[in-house]
Amino acid sequence: MKSKFTLKTYLIAALAEGIISLFLLLLIPSDPKNVWLLGMSKSRIVMLAAGTLTVAVFALLVVRATKDETRYARLDLGVEKIFQYAGHLTTGLVFSLAGFLGGSYFLYTTITTTDLFVKGYFIRLAPCVFWLTMICGQSILFINCSNVDRAKKYFRDHGTAIALLFVILLTGLCFHANLWDTLPEDWDINKMFNQDNKFDLEQQDIYQVFTEGDRLQHGQNPYSRALDQDTDLQWNQQNATYLPIFYILTWLTQEAGLEDYLQYLSFWRVIFLIFNLAIAYLLFYIPYHRHNTLLLGCFAALLWLFNRWTVNMTMIYHIDFIAIFFLLWSLVLWPKYKTPSFLAFGLSLGVKQMAIFMIPIYLIWAWQSNEKRSIRQFIIDALIIGSIPLIVSTPFLIWNAKGFLASILISATRNAESHFGVPSIDILMGLSGIPAKLPMVGMMTLTFILVWKQKINQ
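Residue 382 in my numbering sits at position 382 of the sequence shown, and the numbers go up by one each step.
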């Protein structure tokens with residue numbers, strides 16, 4: 001049974017809200033200290049350009065939906081086909097509800113906060129957040145009201161699972177957000193875990209990322225320090241060891257005005273939390289919607305959110321959540337959506353190359369999915385995987401290739417270090433440098449052979 005809240009209604013409402021948001025964005029003055037062009041800051045101009053482009057897209061869709069009934073019918077049918085799969089409905093509901101609640105909280109904070117710094121930034125973001133919040137709210141309405149019979153069947157079949165999922169995610173949200181303001185002395189009663197200032201935020205990797213972003217903001221190459229220091233690559237002298245994506249994001253964050261370390265953390269910890277919860281959602285989604293196992297889905301999400309390593313990453317502000325999410329998303333997309341899967345994997349590597357050991361596996365999958373065994377197609381697939389890391393790395397390779405390569409190689413040649421005082425097998429065997437990696441290389445080679453022989457399923 002169809003309702004009056006059709007796809008056309010959805011598009012018209014989104015267009016109207018977008019126009020209102022652009023109008024509000026023009027009304028709110030820019031910070032005088034950051035004025036760049038026409039009385040507006042760079043970030044304001046970027047937001048206006050992005051908003052105008054998005055409004056234009058919605059306007060085009062509305063015009064076509066109004067004047068071309070055939071094309072609109074095809075679009076409506078395409079959306080209906082997407083939501084025939086319960087997993088897509090769950091994803092739409094979860095992300096729409098998360099966006100609506102998060103946006104509402106942001107707007108409420110903007111109106112009620114007495115912190116002048118927060119208000120100064122939030123008020124300039126409020127028009128865009130308002131539009132996002134409204135789109136998320138009407139997306140919930142559209143999912144539930146555009147096809148009432150479909151919605152009733154969905155909640156009849158999956159209502160219990162969705163309720164459990166929201167409880168898990170909400171509990172994880174409250175727990176991890178609470179960790180932001182929890183100091184080691186609040187919980188480390190017996191002084192067992194915070195020895196040597198392990199939770200000092202200026203001793204964490206994120207501080208080095210912040211420092212490299214600051215160097216980039218001042219026109220300095222973050223990778224050049226590898227050549228300025230000792231040439232012994234067995235030790236990480238706090239060099240830039242990641243690919244450039246997060247250094248660039250840090251630079252852009254500082255360009256937007258968050259130049260203080262704590263302000264920078266206050267912004268990025270929200271992003272990290274979003275990706276943390278998104279990982280939990282994917283770990284629920286795969287067992288439940290692909291294998292019809294609610295218990296395993298709940299267990300996987302709970303295990304991820306409340307194991308000690310995830311909790312520790314939240315407390316020390318690691319960037320790992322973003323890289324892990326895109327790796328997991330890539331695996332979810334494979335093999336049905338081959339190119340998006342490869343791009344998501346490349347993006348994971350570009351943020352942090354922690355999944356570099358998966359490259360041979362993806363190449364094996366690419367070859368095995370190539371029914372004609374075309375070398376050309378295989379090369380194209382390999383280039384798609386490497387496209388994002390290569391694109392973001394090329395300027396730094398041109399800038400200082402030797403420094404870039406030396407910095408990245410530190411991850412492979414440095415001695416094993418541990419924040420937890422737990423020795424790895426190479427340390428116990430007295431190995432260092434390249435030989436220390438041989439045990440892991442041997443195990444990974446065995447894994448690659450098993451994947452090649454299809455003993456490990458995709």
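Note that the Cβ used here is the ideal one computed from N, Cα and C, for glycine as well.
As the structure is a computational prediction, the values presented were derived from the model and not from experiment.
Notebook entry, point to check: From Ser41 to Ile20, what distance separates their C-alpha atoms?
Noted result: 20 Å
Margin query: Are there any heavy atoms of the ligand FAD lying less than 8 Å away from the beta-carbon of Met313, as far as the coordinates show?
Written below: The ligand FAD is absent from the structure shown, which contains no ligands of any kind.
Next item on the list: Return the residue from the list Phe83, Leu60 and Ser139 that minimises the CA-CA distance to Leu97.
Entry: Ser139
Margin query: If the criterion is Cβ atoms closer than 9 Å, does the pair Ser476 and Phe345 meet it?
Written below: There is no way to answer for residue 476, as the model of the chain reaches only from 1 to 458.
Notebook entry, point to check: Are at least three pairs of beta-carbons, each pair with one atom in the region 251-260 and one in the region 53-65, less than 8 Å apart?
Noted result: no
Item checked: Contact set for Ser348: own chain, Cβ-Cβ below 6 Å, skip 5 residues either direction -> Ala323, Phe326, Leu327 and Ala355
Check: How would you call Glu371, buried or exposed, if buried means at least 16 neighbouring beta carbons within 10 angstroms?
Finding: exposed
Note to self: Just to confirm, is the Cβ distance from Tyr103 to Phe130 under 9 Å?
What the structure shows: The sequence shown places Gly at residue 103, not Tyr. Cβ atoms of Gly103 and Phe130: closer than 9 Å.
Notebook entry, point to check: Where does Ser96 sit, in a helix, a strand or coil, going by DSSP?
Noted result: helix
Checklist line | Rounded separation between Leu305 and Leu296 - CA only | finding: 14 Å
Notebook entry, point to check: Residues in its own chain within less than 8 Å of Ala86 by CB, not counting five upstream and five downstream?
Noted result: Tyr154, Asp157, His158 and His289
Next item on the list: Look at the alpha carbon of Asp260 and the alpha carbon of Val118, and state the distance between them as a whole number of angstroms.
Entry: 13 Å
Item checked: Cβ pair count under 8 Å reaching 3, the region 211-221 against the region 173-185 -> no
Checklist line | Cβ shell of Met358 (< 8 Å), same chain only, five flanking positions each side left out | finding: Leu327 and Phe345
Item checked: Contacting residues, own chain, Cβ-Cβ under 6 Å from Phe106 (five flanking each side not counted) -> Val129
Note to self: Rounding to the nearest angstrom, what Cα-Cα distance links Ile123 and Ser43 in this structure?
What the structure shows: 13 Å
Check: According to the Cβ coordinates, are Leu243 and Ile206 closer than 9 Å?
Finding: no
Checklist line | Unbroken alpha helix (DSSP H) run spanning Leu363, endpoints | finding: Ile359 to Gln368
Notebook entry, point to check: From the DSSP output, which residues share a beta bridge with Asn178?
Noted result: Answer by DSSP bridge pairing: none, since Asn178 is not bridged.
Notebook entry, point to check: When the Cα atoms are used, what is the spatial distance from Ala13 to Trp334?
Noted result: 34 Å
Checklist line | Collapsed DSSP secondary structure at Ser146 in the structure displayed | finding: coil
Notebook entry, point to check: Going by Cα to Cα distance, which pick from Met429, Gly403, Ile449 and Ala16 is closest to Arg225?
Noted result: Gly403
Item checked: Cutoff 6 Å; reference Leu165; Cβ partners in own chain excluding five residues on either side -> Phe284
Next item on the list: Verify whether the separation of the beta carbon atoms of Ile364 and Phe448 is less than 9 Å.
Entry: yes
Checklist line | Beta-carbon proximity list for Thr6, same chain, < 8 Å, skipping 5 on both sides | finding: Asp76 and Ser146
Check: Does the beta-carbon of Leu15 have 16 or more other beta-carbons within 10 angstroms, so that it is buried, or is it exposed?
Finding: buried
Check: So, using beta-carbon positions, are Leu169 and Tyr281 closer together than 9 Å?
Finding: yes
Notebook entry, point to check: Taking Cβ to Cβ, would you say Leu93 is nearer than 9 Å to Leu11?
Noted result: no
Checklist line | Cβ shell of Leu132 (< 8 Å), same chain only, five flanking positions each side left out | finding: Gly99 and Gly103
Checklist line | Reduced DSSP category for Ser224 - H, G, I as helix; E, B as strand; rest coil | finding: coil
Check: So, is the C-beta of Thr182 closer than 9 Å to a C-beta in chain B?
Finding: In the structure shown, chain B does not exist; there is a single protein chain.
Next item on the list: Compare the Cα-Cα distances from Ile384 to each of Leu450, Leu227, Ile45 and Lys338 and report the closest residue.
Entry: Lys338
Next item on the list: With DSSP as the reference, label Ser41 as helix, strand or coil.
Entry: strand
Checklist line | Opening and closing residue of the alpha helix (DSSP H) in which Phe345 lies | finding: Lys338 to Val351
Check: Would the beta-carbon of Trp399 fall within 9 Å of that of Asn276?
Finding: no
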